[in-house]
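Residue numbers (our numbering), protein chains in the order written: chain A, 316 to 653; chain B, 316 to 653. Where a beta carbon is used, it is the ideal one built from N, C-alpha and C, also for glycine. Working notes for the structure below.
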DNA sequence: CTGAAAGCGCTAACAA
DNA sequence: TTGTTAGCGCTTTCAG
């Protein structure tokens with residue numbers, strides 16, 4: 316491995332001292348423009364690129380943060396990463412990806428490595444936004460941020476989507492297109508997201524003066540098959556719903572598929588709204604699915620912003636819920652009921 | 316930011332010199348076991364963690380590699396990353412993720428940053444395995460590896476899935492269950508993957524003594540809607556196929572959906588095989604989809620292995636095609652035809 | 001077996 | 001305006 320040119324090489328070729336060369340290259344200090352230009356020319360010519368390791372060692376900041384994911388680069392992690400990286404790369408901060416896949420030992424090893432590399436901060440992300448135990452390793456007060464993930468540690472800063480208000484948004488939209496007999500088909504009860512989204516659903520009904528007790532809520536799993544099955548159950552009753560809020564887009568897809576199979580028109584007879592805005596799914600349903608977007612990329616971006624604040628010394632703790640938004644496609648019909 | 320303990324602190328508390336402390340902590344050299352134990356105890360007690368930046372600066376290796384993706388953390392990048400990270404983390408090598416999203420300028424900036432951080436190697440990955448221009452920045456002979464991506468640079472090492480043999484596998488499977496009137500529905504012609512998979516399809520037919528000219532090939536887009544439309548076209552003819560090899564799972568899903576809508580039984584009347592093994596899709600089709608897996612996680616793992624070899628000094632160039640495999644579910648029927 | 005010191009590449013404080 | 005030097009934290013000779 317041929318070693319790369321150092322600032323000493325640049326200085327030598329430019330006929331100045333290293334100190335001068337350094338000054339010339341970092342904009343800092345006062346220098347005769349002529350000298351500066353010469354140094355820079357040499358640097359460019361020999362392909363000098365400052366060694367950030369040395370810089371970081373000196374400065375005590377590595378311009379690097381670590382991301383620990385328990386979601387092995389899954390569907391939710393990627394948009395978050397995208398936003399995070401976009402935000403951080405503007406400050407020339409690099410992000411190191413670590414996959415722990417729910418293995419505490421791996422996680423600990425990764426944190427050790429990150430600490431060794433003297434990252435300026437760590438963000439923890441997960442497959443679901445439920446509470447998780449704090450990192451097992453003592454991070455010595457390193458800036459720490461949980462995204463799409465929460466911890467018991469009250470000192471930690473956690474950023475999660477606002478499932479409840481997202482669900483209210485969805486429900487309100489169904490009411491807005493004139494529906495009154497709503498139902499909710501969702502995932503496993505043990506997910507906090509399921510409980511929050513149900514709460515949002517119920518709240519919105521109450522706010523509209525409807526009786527939530529009359530609105531069926533079916534909890535199952537996060538799959539199309541469950542969506543189909545649940546739909547069959549709802550339509551076995553005497554008073555089937557005219558609108559269904561689904562806990563995620565997969566369920567919604569199952570629901571819509573089954574409605575079509577039953578010859579029930581969406582959105583003419585029944586309106587459906589999903590959750591996730593998983594585009595490949597939402598755009599492939601027939602008709603395309605109106606759904607809730609958790610704005611995960613924005614969440615990641617915000618995480619980057621907050622992490623930088625933490626790194627810059629502004630302390631901050633607590634749980635922050637970021638708003639969801641409604642993406643209207645065609646599965647609910649016109650906004651104004653006819 | 317309270318500064319972390321250094322090896323000097325450890326040495327001082329243990330009553331030895333820094334040199335001794337270093338030896339004690341690195342397994343190297345000869346030391347009285349008693350001394351070693353004492354040093355280690357102190358180190359553990361005060362939470363000493365060696366500063367890898369200093370280590371790297373000294374050693375000239377950063378134990379870090381960069382990944383440049385043009386696929387903004389998309390569906391194909393994820394499994395590759397997973398395998399790569401798993402492989403590399405065993406050697407305690409960290410991976411820095413950079414997203415360039417097809418913007419050459421961003422890409423260049425990222426490469427600069429990586430060079431500054433003195434990464435030991437760079438892997439480039441993409442949304443599709445087609446040829447791309449080499450990195451715009453001079454990497455000074457840094458180990459470089461293209462995964463799921465190729466470049467014109469003949470000196471580069473490129474790892475891609477073997478689309479052609481994957482397609483042969485799929486086609487052979489259809490023939491193996493007794494089908495003879497095959498068709499192929501696929502994506503846009505401009506994708507190399509489309510051309511290779513078609514070639515594999517044709518080869519397999521020829522190998523079986525069938526006339527490829529008689530087997531329709533419909534190129535369109537990578538969507539369910541196209542799958543449905545193409546199926547309608549095939550069944551508008553006098554001699555519809557009894558087996559369809561689809562260029563990806565989305566198309567396959569559209570095909571299967573439409574077959575069901577037409578009341579044609581899968582797999583009794585028609586066999587279908589997909590490509591990608593995108594589990595969420597493949598498992599949701601009715602019946603579940605038999606498909607080709609590009610083994611991207613393994614590809615990523617292999618990339619890690621090869622990159623380590625490059626870093627360790629073994630030169631290697633050229634295009635390497637990694638095998639795909641067949642995942643049998645239920646959309647083709649029994650292996651032995653009745 | 002252990003201590004002292006040079007040096008990895010860079011920056012910043014101080015001299016000239 | 002420019003040069004000199006100490007030091008960031010670690011490893012690795014080379015003496016002791």
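Residue i at chain B interface by Cβ criterion, 9 Å
i                     : result
residue 641 (chain A) : no
residue 522 (chain A) : no
residue 337 (chain A) : no
residue 410 (chain A) : yes
residue 453 (chain A) : yes
residue 470 (chain A) : no
residue 427 (chain A) : yes
residue 367 (chain A) : yes
residue 316 (chain A) : The predicted position of residue 316 (chain A) is uncertain, since its pLDDT is 43 and thus under 50; a value taken from the coordinates is nonetheless stated next. Judged by the 9 Å Cβ criterion, residue 316 (chain A) is in contact with chain B.
residue 414 (chain A) : yes
residue 379 (chain A) : yes
residue 463 (chain A) : no
residue 437 (chain A) : no
residue 400 (chain A) : yes
residue 599 (chain A) : yes
residue 586 (chain A) : no
residue 631 (chain A) : no
CB of residue i within 9 Å of CB of residue j, strictly
i                     : j                     : result
residue 396 (chain B) : residue 615 (chain B) : yes
residue 439 (chain A) : residue 399 (chain A) : no
residue 598 (chain B) : residue 644 (chain B) : yes
residue 435 (chain B) : residue 626 (chain B) : yes
residue 536 (chain B) : residue 635 (chain B) : no
residue 430 (chain A) : residue 364 (chain B) : yes
residue 480 (chain B) : residue 638 (chain B) : yes
residue 488 (chain A) : residue 605 (chain A) : yes
residue 503 (chain A) : residue 516 (chain A) : no
residue 383 (chain B) : residue 420 (chain B) : no
residue 593 (chain B) : residue 347 (chain B) : no
residue 323 (chain B) : residue 362 (chain B) : no
residue 700 (chain A) : residue 578 (chain A) : Absent from the model: residue 700 (chain A). The displayed extent of chain A is 316 to 653, so no value can be given.
residue 646 (chain A) : residue 586 (chain A) : yes
residue 446 (chain B) : residue 416 (chain B) : no
residue 566 (chain B) : residue 541 (chain B) : yes
residue 590 (chain B) : residue 610 (chain B) : no
residue 486 (chain B) : residue 388 (chain B) : no
residue 460 (chain A) : residue 471 (chain A) : yes
is_contact[residue i, chain A] using C-beta, thresh 9 Å
i                     : result
residue 397 (chain B) : yes
residue 394 (chain B) : yes
residue 383 (chain B) : no
residue 432 (chain B) : yes
residue 540 (chain B) : yes
residue 424 (chain B) : yes
residue 654 (chain B) : Chain B is shown only over 316 to 653; residue 654 (chain B) falls outside these bounds and no answer can be derived.
residue 343 (chain B) : no
Burial state of residue i (16 or more Cβ within 10 Å)
i                     : result
residue 482 (chain A) : buried
residue 558 (chain A) : buried
residue 378 (chain A) : buried
residue 580 (chain A) : exposed
residue 653 (chain B) : Because the pLDDT at residue 653 (chain B) is just 40, under 50, the model does not fix this residue reliably, and the point stays unresolved.
residue 433 (chain A) : buried
residue 451 (chain B) : exposed
residue 374 (chain A) : exposed
Simplified DSSP state of residue i, which is helix, strand or coil
i                     : result
residue 359 (chain A) : helix
residue 325 (chain B) : helix
residue 538 (chain A) : coil
residue 414 (chain B) : strand
residue 632 (chain A) : coil
residue 383 (chain B) : strand
residue 552 (chain B) : coil
residue 391 (chain A) : coil
residue 626 (chain B) : helix
residue 527 (chain A) : helix
residue 428 (chain B) : helix
residue 465 (chain B) : strand
residue 480 (chain B) : helix
residue 457 (chain A) : coil
Query - Any 3 or more C-beta pairs closer than 8 Å across the region 345-356 of chain B and the region 403-421 of chain B - result: no
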